[in-house]
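Right, one structure below, let's go through it.
There are 2 protein chains.
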Amino acid sequence: MASLTIIDIAKICGVGVTTVSRAINNHPDISEETKAMIMKVVKENNYVPNNSARNLKRTDSKTIAVLIKGMNNPFFIKMIDLFEKGIQKKKYSFILHRVDEHQDEIDVANELVKEKKLKGIIFLGGYLSHSKEKLEQLMVPYVLCTVGLSSEFDNYNYSYVSIDDYAESYKMVDYLCKLGHKRIAIISASMRDRSIGQLRYLGYKQALEDHGIALDEQLIRPMKEHLESYSMENGYAVTKEMIDEGVEFTAIFAISDSMAIGASKALLEAGRMIPDHCSVAGFDGLDMAYYYHPSITTIKQPISEIAEEAIRILFDLIHKKTTHVQKKFPAELIERASTGTMK
Amino acid sequence: MASLTIIDIAKICGVGVTTVSRAINNHPDISEETKAMIMKVVKENNYVPNNSARNLKRTDSKTIAVLIKGMNNPFFIKMIDLFEKGIQKKKYSFILHRVDEHQDEIDVANELVKEKKLKGIIFLGGYLSHSKEKLEQLMVPYVLCTVGLSSEFDNYNYSYVSIDDYAESYKMVDYLCKLGHKRIAIISASMRDRSIGQLRYLGYKQALEDHGIALDEQLIRPMKEHLESYSMENGYAVTKEMIDEGVEFTAIFAISDSMAIGASKALLEAGRMIPDHCSVAGFDGLDMAYYYHPSITTIKQPISEIAEEAIRILFDLIHKKTTHVQKKFPAELIERASTGTMK
Numbered sequence: 000m001a002s003l004t005i006i007d008i009a010k011i012c013g014v015g016v017t018t019v020s021r022a023i024n025n026h027p028d029i030s031e032e033t034k035a036m037i038m039k040v041v042k043e044n045n046y047v048p049n050n051s052a053r054n055l056k057r058t059d060s061k062t063i064a065v066l067i068k069g070m071n072n073p074f075f076i077k078m079i080d081l082f083e084k085g086i087q088k089k090k091y092s093f094i095l096h097r098v099d100e101h102q103d104e105i106d107v108a109n110e111l112v113k114e115k116k117l118k119g120i121i122f123l124g125g126y127l128s129h130s131k132e133k134l135e136q137l138m139v140p141y142v143l144c145t146v147g148l149s150s151e152f153d154n155y156n157y158s159y160v161s162i163d164d165y166a167e168s169y170k171m172v173d174y175l176c177k178l179g180h181k182r183i184a185i186i187s188a189s190m191r192d193r194s195i196g197q198l199r200y201l202g203y204k205q206a207l208e209d210h211g212i213a214l215d216e217q218l219i220r221p222m223k224e225h226l227e228s229y230s231m232e233n234g235y236a237v238t239k240e241m242i243d244e245g246v247e248f249t250a251i252f253a254i255s256d257s258m259a260i261g262a263s264k265a266l267l268e269a270g271r272m273i274p275d276h277c278s279v280a281g282f283d284g285l286d287m288a289y290y291y292h293p294s295i296t297t298i299k300q301p302i303s304e305i306a307e308e309a310i311r312i313l314f315d316l317i318h319k320k321t322t323h324v325q326k327k328f329p330a331e332l333i334e335r336a337s338t339g340t341m342k
Numbered sequence: 000m001a002s003l004t005i006i007d008i009a010k011i012c013g014v015g016v017t018t019v020s021r022a023i024n025n026h027p028d029i030s031e032e033t034k035a036m037i038m039k040v041v042k043e044n045n046y047v048p049n050n051s052a053r054n055l056k057r058t059d060s061k062t063i064a065v066l067i068k069g070m071n072n073p074f075f076i077k078m079i080d081l082f083e084k085g086i087q088k089k090k091y092s093f094i095l096h097r098v099d100e101h102q103d104e105i106d107v108a109n110e111l112v113k114e115k116k117l118k119g120i121i122f123l124g125g126y127l128s129h130s131k132e133k134l135e136q137l138m139v140p141y142v143l144c145t146v147g148l149s150s151e152f153d154n155y156n157y158s159y160v161s162i163d164d165y166a167e168s169y170k171m172v173d174y175l176c177k178l179g180h181k182r183i184a185i186i187s188a189s190m191r192d193r194s195i196g197q198l199r200y201l202g203y204k205q206a207l208e209d210h211g212i213a214l215d216e217q218l219i220r221p222m223k224e225h226l227e228s229y230s231m232e233n234g235y236a237v238t239k240e241m242i243d244e245g246v247e248f249t250a251i252f253a254i255s256d257s258m259a260i261g262a263s264k265a266l267l268e269a270g271r272m273i274p275d276h277c278s279v280a281g282f283d284g285l286d287m288a289y290y291y292h293p294s295i296t297t298i299k300q301p302i303s304e305i306a307e308e309a310i311r312i313l314f315d316l317i318h319k320k321t322t323h324v325q326k327k328f329p330a331e332l333i334e335r336a337s338t339g340t341m342k
């Protein structure tokens with residue numbers, strides 16, 4: 000398991016180190032014959048040129064990190080895939096780094112910038128609750144991607160790509176109201192949430208108000224804090240509790256597809272039919288929501304567009320072609336079998 | 000966005016660099032008052048000690064990499080989570096690195112070993128099809144975790160943690176046979192597969208043979224190569240094709256839960272009831288399989304045990320407490336609503 004150096008390769012080949020280096024680096028000043036002989040030895044011995052050393056010589060690390068909160072969310076898996084491909088296409092290296100729930104992402108980011116000599120950062124998921132001063136301490140260009148930001152951040156100077164969580168949530172609840180539903184339960188984030196969860200709740204509230212439906216506290220159901228947030232398990236637990244309490248509702252709007260699936264399971268298990276006894280709507284546009292039976296009505300986020308735009312803005316920032324840009328993409332309400340007119 | 004150095008902090012505080020270093024590193028030779036003053040400046044200026052430099056001084060990087068093939072498989076997400084926590088508990092850093100389908104994982108591993116000064120590697124998912132010589136070129140201790148290995152690897156010297164894919168697959172098909180099913184379709188891997196997919200197929204074949212049921216080529220259905228492997232989409236496409244061709248079957252065994260969900264969707268969409276018209280069984284034990292309606296019978300892999308054992312063996316190898324160990328954990332057949340007696 001010993002690792003060969005370029006000196007070992009030179010010895011085996013009976014040539015100088017410079018000649019080996021020329022062969023490896025495709026230098027023109029070496030005969031094809033010598034080069035073929037050296038590359039055969041390199042291959043046979045599985046010699047890997049020491050990139051650490053090579054990187055040290057370069058002044059430029061060309062590395063982008065994606066910092067993610069909420070790894071278990073299937074919604075992010077697809078997005079990470081798109082980031083990796085997009086960043087590699089730009090000939091930059093890609094580092095995926097998870098931030099724990101209790102960690103401060105700005106501190107983690109600045110440490111990574113120093114250790115890995117990052118050129119830029121994409122923050123994915125979670126939420127930012129930092130002061131303007133703290134955000135300004137970030138030492139490299141960055142883009143916030145589907146990161147929750149409440150209105151207090153409006154006067155901040157940052158780059159941001161997402162959908163309009165408030166408007167899309169409004170769209171879904173407005174749709175349910177137009178189907179005739181008046182008792183629409185929401186499986187929401189914690190009421191202390193100041194990010195995406197809050198925006199989706201506010202969209203729900205406004206849509207009900209615009210349809211002249213009074214808010215009913217019994218129908219506002221934050222996900223359970225002791226269970227994984229936005230998960231199937233959470234949607235199931237919340238819905239089962241509502242059923243057990245005998246609360247009346249004819250539709251459930253869960254603010255993630257995973258929770259909508261859990262909610263559906265609780266309903267079906269209790270013998271309630273979807274959508275005949277209760278309509279169910281989710282949010283995100285996961286494959287799973289389509290393959291569920293019945294297929295679940297949802298808000299489909301334009302994942303590819305969001306990822307591509309985040310990369311585009313980040314590289315514009317790196318190359319100083321732009322100042323901060325905030326971009327919101329429209330999402331699509333996809334009507335499926337899980338929602339129907341109020342009977 | 001400029002980054003302060005320890006010298007800048009010393010200047011601001013009006014003390015020497017050594018004093019700042021003592022404050023940061025909790026050295027006893029500094030007054031509490033001076034330390035508090037320096038730490039206030041450190042905090043206000045968001046100074047991050049340069050860990051790159053600190054790491055260079057250490058001879059020991061203490062980093063473990065997890066190399067993964069098949070990131071999109073929900074089965075791995077949970078496992079990555081367990082690896083990250085387990086490795087950090089051992090006070091080692093954790094690097095997650097994806098290997099593309101077309102990349103050679105041994106080459107990628109050896110490059111990472113050099114660049115990141117790795118102490119060990121866990122290979123997760125995918126399959127190894129390397130020569131013994133190539134495997135022996137790996138320069139650090141490693142453990143293969145749920146990596147597919149066919150019988151030709153039996154005489155190799157490596158560490159391995161997984162379930163017994165052949166035996167568990169046999170268990171499921173034997174169970175379906177005992178329910179009275181004779182026309183059991185399998186959604187398998189490609190017939191060229193020499194890893195987990197092959198083992199699960201061989202278990203199916205042997206169980207049928209032991210029940211005196213002849214193999215029927217019409218019922219052996221490899222997943223589509225142009226679609227993501229082991230995915231819901233793939234299970235859906237394969238099942239829809241079988242239905243459209245008018246092939247007769249009373250049970251489907253899909254070698255992943257995701258494909259079992261896709262298969263269920265195709266059946267339900269075509270108006271076939273589960274399990275009255277057709278039983279469906281999966282493999283892996285994903286949450287999703289439980290929340291599907293009807294809940295899907297599956298083989299539940301002991302994910303926590305597998306991850307913990309892989310970490311334990313890797314650290315034993317690093318500390319030279321063991322030579323190579325191969326460990327197979329039993330998995331559990333969980334009987335749910337998607338399978339029933341043949342009618």
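Each protein sequence line maps, in turn, to chains V and Z.
Each residue of the first sequence is one higher than the one before, starting from 0 at the first, in the numbering used here.
Each residue of the second sequence is one higher than the one before, starting from 0 at the first, in the numbering used here.
No residue lacks a Cβ here, since even glycine has one placed at the ideal position from N, Cα and C.
- Only those residues of the stretch 282-295 of chain V whose C-beta falls short of 9 Å from the nearest C-beta of chain Z are listed: D286, M287, Y289, Y290, Y291, H292, P293, S294.
- Counting only Cβ-Cβ distances below 7 Å, V:M258 has no contacts in chain Z at all, with the closest Cβ about 11 Å away.
- Remark: fewer than three beta-carbon pairs, one from each stretch, lie closer than 8 Å, so the stretch 196-216 of chain Z and the stretch 257-275 of chain Z are not flagged as touching.
- Within chain Z, the residues whose beta carbon sits less than 9 Å from that of V:M231 are D286, M287, Y289, Y290, listed in sequence order.
- In the three-state DSSP reduction, Z:E331 falls in the strand class (E or B).
- If only complete runs of 3 or more residues are kept, the stretch 92-145 of chain Z shows the beta strand (DSSP E) at 92-97, 119-123, 141-144, in order along the chain.
- In this structure the stretch 320-339 of chain V lies against the stretch 294-301 of chain V, because at least three pairs of beta carbons, one per stretch, are closer than 8 Å.
- Proximity of chain V to Z:N25 at the Cβ level (cut-off 9 Å) is not reached, the minimal Cβ distance being about 18 Å.
- With three or more CB-CB distances shorter than 8 Å, the stretch 245-263 of chain Z counts as touching the stretch 276-290 of chain Z.
- The stretch 127-140 of chain Z makes no contact with the stretch 72-84 of chain Z: fewer than 3 CB pairs, one atom from each, lie closer than 8 Å.
- Assigned with DSSP and collapsed to three states, Z:D215 falls in coil, not helix or strand.
- Scanning its chain for C-beta atoms nearer than 8 Å, with the 5 sequence neighbours on each side dropped, one finds around Z:T18 the residues A9, C12, I29, T33, I37, in chain order.
- Interface with chain Z (8 Å Cβ-Cβ cutoff): V:R97 is included.
- In this model, Z:M272 and Z:D215 are separated by some 23 Å (Cα to Cα).
- For V:M231, same chain residues with a beta-carbon under 6 Å away, outside a window of 5 residues either side, are S257, I260, G261 in chain order.
- For Z:N109, the closest Cβ of chain V is nearer than 8 Å.
- Partner residues in the beta bridge of Z:F252, as assigned by DSSP, are Z:I185, Z:A280.
- Within the stretch 205-235 of chain V, S230, M231, E232, G234, Y235 place their CB atoms closer than 9 Å to a CB of chain Z, listed in sequence order.
- According to the DSSP assignment, Z:I273 belongs to no alpha helix (DSSP H), since it is labelled neither H nor E.
- Cα atoms of Z:P274 and Z:T338: separation of roughly 5 Å, rounded to the nearest angstrom.
- V:K264 has a beta carbon lying within less than 8 Å of a beta carbon in chain Z.
- Cβ-Cβ distances below 7 Å link V:R220 to A184, I185, I186, S187, V237, M241 in the same chain, with the five nearest sequence neighbours on each side left out; the list follows chain order.
- The beta carbon of V:V98 is closer than 6 Å to those of L66, K68, E104, V107 in its chain, skipping five residues each way along the sequence.
- For Z:T297, the enclosing beta strand (DSSP E) covers residues 297-299.
- Within the stretch 69-85 of chain V, those residues whose Cβ lies closer than 8 Å to any Cβ of chain Z are, in chain order, M70, N71, P73, I76, K77, I79, D80, E83.
- Contact between Z:L117 and Z:T62 holds, with the beta-carbon distance rounding to 5 Å and staying under 8 Å.
- Interface with chain Z (8 Å Cβ-Cβ cutoff): V:G261 is included.
- For the stretch 34-45 of chain V, the residues whose beta carbon sits under 9 Å from a beta carbon of chain Z are, in order, N44, N45.
- Around Z:Q136, the beta-carbon contacts reaching into chain V at under 7 Å are N45.
- With a beta-carbon spacing of about 30 Å, Z:L285 and Z:P140 fall beyond the 8 Å limit used to define contacts.
- In the structure shown, V:Y290 adopts helical secondary structure according to DSSP, grouped into three states.
- Take V:M78, set aside five residues on each side of it, and the residues of its chain with a beta-carbon closer than 8 Å to its own are L123, C144, T145, I302, I305, A306, in chain order.
- With a threshold of 16 other beta carbon atoms within 10 Å, V:V16 falls short and is exposed.
- As far as DSSP is concerned, Z:V16 takes part in no beta bridge.
- One Cα belongs to Z:E110, the other to Z:D163, and the distance between them is close to 31 Å.
- In the three-state reduction of the DSSP assignment, V:I11 falls in the helix class.
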